[in-house]
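In the UniProt record's numbering, the protein residues as written are 1 to 334.
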Amino acid sequence: MGDGFYAILVTSAECAMTRLTRRSTLQLAGASLVAATVPAAASASEDGWTTVETPIDSTLHDVAYTATNAHAVAEGGTVLERTDAGWEVVLQGGPTGNGNDLYGVDTTDDGERLWIVGASGAIGEYDVTTGNLVDRSAPNDYTANFNDIAVTGPAGDADVYVADDSGAIHYSFQNGEEGTWEYVVPGSGSSLKAIEFFDDRAGHAIDTNGRVYATDDGVTWNPIGIEDADVTFYGLDSDAADDVTVSGGNASIFEYDGSQWVPESLGDADLFDIETDGDEGYTVGSGGVIFELDGGEWSLNQTPVGENLQAVADGPVAIAVGSGGTVLERSNSH
């Protein structure tokens, strides 16, 4: 989900400056906790993907790194945290307590708040350090299903963007406080499946009608393709105005360089999520499929499961989540 900040790391004798993505910074901050202990595994593949036990058997829809540990969201309003002792339930019932399914997550730039969205207008702001949950649900009384969320800025002072099933993007520039929400419908009203930001108010969204939308102010959205894609879009990775990747049906990958979309087909699986950083990353999908991007080339990884994989988070440990409470983990070399 959102990549809205950059950190500056001074290295080498020449004091060269290397830009780190928001995602990379969160991974580094949580590396010691996340990689400390790998929970008991049921099975592993030759490519290093290991099945990890979880305390639930419902579908996990999304996963993200925070300032502490990785967190995942599931049906029934459940939130899991990856601890040194394994995956544990830290929230039940969702923001409203009504048990609405949760579909999407994102974090503030400092990783201290995990924002969650789901069915029937569910929106929550979860403090990963204190365990406090603030209910931000049903902005302006909208109770559509919220599919995904993008958050930029620090804890307590974030810009929040929510994509819904009716083709609307709900946004608040005041941390989701009541009375601060507006909305815009960038396209035809088709369901918006994913939204992600790479800067404070710059990012992208995709819908089920084969459209990708871009914004540089968080309010005005313009279509930038994709013509004649002929597949449903599911996954989105937004790293810059000229660095966007979309995954979809028929194992389709589309890469945007600021002027054109370059398509690639990896097979016939539906690819539900994608996360890349430069020429490395992963995309996951139906039937336990995981493709790895290494050196700019995609290759199929062997996995020990056949369940649909809904989301992936890349970090010191790559994590894929999906149906039946499935969690796969793999230690990363990149």
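C-beta: ideal position from N, C-alpha, C; glycine also.
At least 7 Å separates the beta-carbon of Ala150 from that of Thr108. CA-CA distance, Val244 to Thr96, rounds to 34 Å. In this structure, the straight-line span from the alpha carbon of Pro139 to that of Asp164 is close to 12 Å.
By the beta-carbon neighbour count (other beta carbons within 10 angstroms, threshold 16), Ser265 is exposed.
Here the alpha carbons of Gly203 and Val185 stand approximately 15 Å from one another. In this structure, the CA atom of Asp273 is about 6 Å from the CA atom of Val312.
Asn98 and Asp84 have their C-alpha atoms roughly 29 Å apart. Boundaries cannot be given for Leu266, as no beta strand (DSSP E) includes it and DSSP labels it neither H nor E. If you look at Thr107, you'll find it in the beta strand (DSSP E) that goes Leu102 to Thr107. Looking from the CA of Thr180, the closest CA among Asn332, Gly267, Thr143 and Arg136 belongs to Arg136. Taking a 10 Å sphere around the C-beta of Asp57, we find fewer than 16 other C-beta atoms and assign the residue as exposed. With respect to Val52, Val305 sits apart: the two C-beta atoms are not nearer than 7 Å.
Taking 7 Å as the cut-off, the beta carbon of Gly235 is found closer than this to the beta carbon of Leu271. The distance from the Cβ of Leu102 to that of Ile123 is about 10 Å, inconsistent with a contact at the 8 Å cut-off. Between Asp148 and Ile206, the CB-CB gap reaches or exceeds 7 Å. Separation of Asp62 and Val73 (C-alpha to C-alpha, rounded to the nearest whole angstrom) is 6 Å. Annotated three-state conformation of Asp141 is helix, per DSSP. A buried status is given to Gly281, since no fewer than 16 other beta-carbon atoms sit within 10 Å of its beta-carbon. Thr215: member of the beta strand (DSSP E) spanning Val212 to Thr215, first to last residue. Within the DSSP secondary-structure output, Phe146 pairs in a beta bridge with Asp164. In this structure, Gln302 sits near Ser45, with a CB-CB distance shorter than 7 Å.
In the three-state reduction of the DSSP assignment, Ala311 falls in the strand class, which pools E and B. Taking 7 Å as the cut-off, the beta carbon of Asn308 is found closer than this to the beta carbon of Gly322.
Glu182 is a Cβ neighbour of Tyr171, given a cutoff of 7 Å. For a cut-off of 8 Å, the C-beta gap from Val105 to Leu91 is around 12 Å, too long to register as a contact. DSSP, reduced to helix, strand and coil, places Ala67 outside both helices and strands of the structure shown, so it counts as coil. Pairing Val289 with Tyr126, the inter-Cα distance amounts to about 31 Å.
Beta-bridge partners assigned by DSSP to Val90: none are found.
7 Å or more divides the Cβ of Phe198 from the Cβ of Ser252. Taking 8 Å as the upper bound for CB-CB distance, Thr152 and Asp110 are not in contact here, some 11 Å apart. Counting along the chain, Trp115 sits inside the beta strand (DSSP E) bounded by residues Arg113 to Gly118. Using a Cβ distance threshold of 7 Å, Asn69 and Glu81 count as a contacting pair. Within 10 angstroms of the beta-carbon of Asp159 lie 16 or more other beta-carbons, which makes it buried. Excluding its 5 nearest sequence neighbours in each direction, Ala240 has C-beta neighbours in its own chain below 7 Å: Phe198, listed in chain order.
DSSP places Ser191 outside both helix and strand once states are collapsed to three, so it counts as coil.
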